[in-house]
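Undergrad: According to the working numbering, the sequence shown is numbered sequentially starting from 3.
We treat Cβ as the ideally placed atom computed from N, Cα and C, and that holds for glycine.
What you are looking at is a predicted structure, and each value in this text was computed from that prediction instead of being measured.
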Amino acid sequence: MEPLIGLVGVILGFSLGEISRIIRESRRKRKLKSVLFSELQSLISLIKQKSDHIQLIIDSLSKKVITPGQTVGILEIGYKNNITDLYNHLTVKERNCLHIIYERLRITNNEINQFESSIKSDIKEKAFEDPYRIYRVRFEKLKESNELVLKLIDSMLSKNPIDVMEIDFK
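1. Could you check what DSSP says for S44 in three-state terms: helix, strand or coil?
2. Thinking C-alpha only, which one of S53, T86 and L9 is nearest L34?
3. Distance check for G11 and S22, CA to CA, integer angstroms please.
4. From this set, G8, R32, K52 and I79, which residue's C-alpha is nearest E149's C-alpha?
5. Kindly indicate which three-state DSSP category F130 falls into: helix, strand or coil?
6. Relative to the C-alpha of S64, which candidate in S157, I136, V151 and I169 has its C-alpha closest?
7. Among L9, S160, G8 and F130, which one has its Cα closest to the Cα of S173?
8. Can you give me the start and stop residues for the alpha helix (DSSP H) that T86 sits inside?
9. With a CB to CB cut of under 7 angstroms and the five nearest residues on each side skipped, what residues in its chain are close to V151?
10. N115 and M167 - do their beta-carbons sit closer together than 8 angstroms?
11. Check each candidate in R26, S147, I60 and G19 and name the one with the smallest Cα separation from I121.
12. Nearest by alpha-carbon distance to K143: which of T110, N162, S157 and E118 is it?
13. Using C-beta distances below 6 angstroms, list every residue in its chain close to I125, excluding the 5 sequence neighbours before and after it, in chain order.
14. Consult DSSP for K95 and reduce its assignment to one of helix, strand or coil.
15. Can you name, in chain order, every residue of its own chain whose Cβ lies under 7 angstroms from the Cβ of L58, other than the five neighbours on each side?
16. Quick test of your reading: V37 and N90, contact by CB under 8 angstroms. State the CB separation rounded to the nearest angstrom.
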């Protein structure tokens, strides 16, 4: 009888340890998701500010004037620091949606930050017949991209991620 009690004790101890580990992992996952969703929430106002700045650049380019492009960088600490740990806990739609959100924001950031030196170089080298028009169109596309990113963020925050594989990315 004593060996049976010992075996039950071992099984009970192991089971309690596993349950405890599962609970800790679940709490950790919720915390990481919370950090990521808080970051997405913060991005909304930052993206709107970037879109306003992009509109300033577009308006200036229409007048053949160059407005400096440097802006505040995009928040991505929550994403970069946690995506590896969260990856298996996200659905395919969530992973794809997050990838598109952060990749488009990275591209927008790079375009804005390199804008002034790029256009000045293209004007100096006469790379295009009308570089102002070329860059204006480019920035109009960036503004459209920001609008899509806001929709994707909204879909993530409402826990109904858009299937980005079904979007026509013209």
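TA: In this structure, then:
1. When DSSP states are grouped into helix, strand and coil, S44 belongs to the helix group.
2. Ranking the options by Cα distance to L34, first place goes to T86.
3. When rounded, the distance between both Cα atoms is 16 angstroms.
4. Sorting G8, R32, K52 and I79 by C-alpha distance to the C-alpha of E149 places K52 at the top.
5. F130 falls in the coil class under three-state DSSP.
6. Looking at the Cα atoms, I136 is the closest of the given residues.
7. Nothing about residue 173 can be reported from this structure: the residues present for the chain run from 3 to 172 only.
8. It spans I79 to L88 - the alpha helix (DSSP H) in which T86 sits, taken as one unbroken run.
9. Contacts found: I49, I103, R106 and L107.
10. Not closer than 8 angstroms, so no.
11. The residue among R26, S147, I60 and G19 with its C-alpha nearest the C-alpha of I121 is I60.
12. For K143, the nearest C-alpha among the options comes from T110.
13. The answer, listed in chain order, is P133.
14. Residue state, collapsed to three classes: helix.
15. Excluding residues within five positions, the ones whose Cβ falls inside 7 angstroms are T69.
16. Rounded, the Cβ-Cβ distance is 17 angstroms, inconsistent with contact.
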